[in-house]
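J.: Using our numbering, you'd call the opening residue of the sequence shown number 1110 and step up by one each time. Backbone N, C-alpha and C define an ideal beta-carbon position, used for all residues, glycine too. Because the structure is a prediction, the values reported are computed rather than measured.
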Amino acid sequence: MIPLENNIKMGKPNASDKEIMRVAKLASCTELIEEKGLDTIIGGTDVKLSGGEKQRIAIARAILKDAPIIILDEATASSDAENQMEIQKAISNLAKNKTVLVIAHRLSTIENADKIIVLSKGHIKEQGTHSELLLHKGLYENMYMKYQESLNFKIRSKEVS
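Here is the structure:
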């Protein structure tokens, strides 16, 4: 259990408050910091963070570290739609001038990637940009169409007579 500020500073232990707030803004964490405070102890039973909040703090830490290569494994998996959008913005800020490897099942997470590699049963089946893969009409296009269909799913309640 450590303060929120120190969690972000793991990326650069000697970071100034100004640097922390800069990366917090880029990672869409400023509202969280304003609400909870940088000195708030996280990781215990007192302060619970959502999956999306945890991801954005991790992204702030990664932006502060300024590593040239970033690996993101299911970065939006534990997030609701609102947090997913904030995480996507934070990832865009993190990815500037870096090599980013994104492992994802949510296709919306990878749509803007420079290159998408589609794996199936441990083998590369297709690769290209989102547009190229849709034109190819293969596995990716099939997954994308199913994803688009799922966005229109509605839950209907049974009328009780």
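For Lys1134, which of helix, strand or coil comes out of DSSP?
T.: helix
J.: In the DSSP assignment, find the unbroken beta strand (DSSP E) run with Thr1208 in it and report its ends.
T.: According to the DSSP assignment, Thr1208 belongs to the beta strand (DSSP E) that extends over 1208 to 1212.
J.: Can you give the beta carbon distance from Glu1195 to Ser1137, rounded, assuming they're within the 8 Å contact cut?
T.: 4 Å
J.: Could you please give the first and the last residue of the uninterrupted beta strand (DSSP E) stretch that includes Glu1235?
T.: 1232 to 1237
J.: Leaving out the 5 sequence neighbours to the left and right, which residues in its chain are closer than 6 Å to Leu1141 when beta-carbon positions are compared?
T.: Glu1162
J.: Leu1147 to Gln1197, Cα distance in whole Å?
T.: 23 Å
J.: Alpha carbon to alpha carbon, what distance is there between Leu1181 and Ala1190?
T.: 18 Å
J.: Please work out which residues of its chain come closer than 6 Å, Cβ to Cβ, to His1239, disregarding the five sequence neighbours upstream and downstream, and give them in chain order.
T.: Excluding sequence neighbours, His1239 sits near Glu1220.
J.: On the premise that Lys1145 lies in contact with Tyr1113, defined as a C-beta separation below 8 Å, what is that separation, rounded to the nearest angstrom?
T.: Per the sequence shown, the amino acid found at residue 1113 is Leu instead of Tyr. Going by Cβ atoms, the distance from Leu1113 to Lys1145 rounds to 6 Å, so yes, they are a contact pair.
J.: In chain order, what are the residue ranges of uninterrupted beta strand (DSSP E) at least 3 long that sit wholly in the stretch 1154 to 1225?
T.: Secondary structure remark: continuous beta strand (DSSP E) runs of at least 3 residues inside the stretch 1154 to 1225, in chain order: 1178 to 1182, 1208 to 1212.
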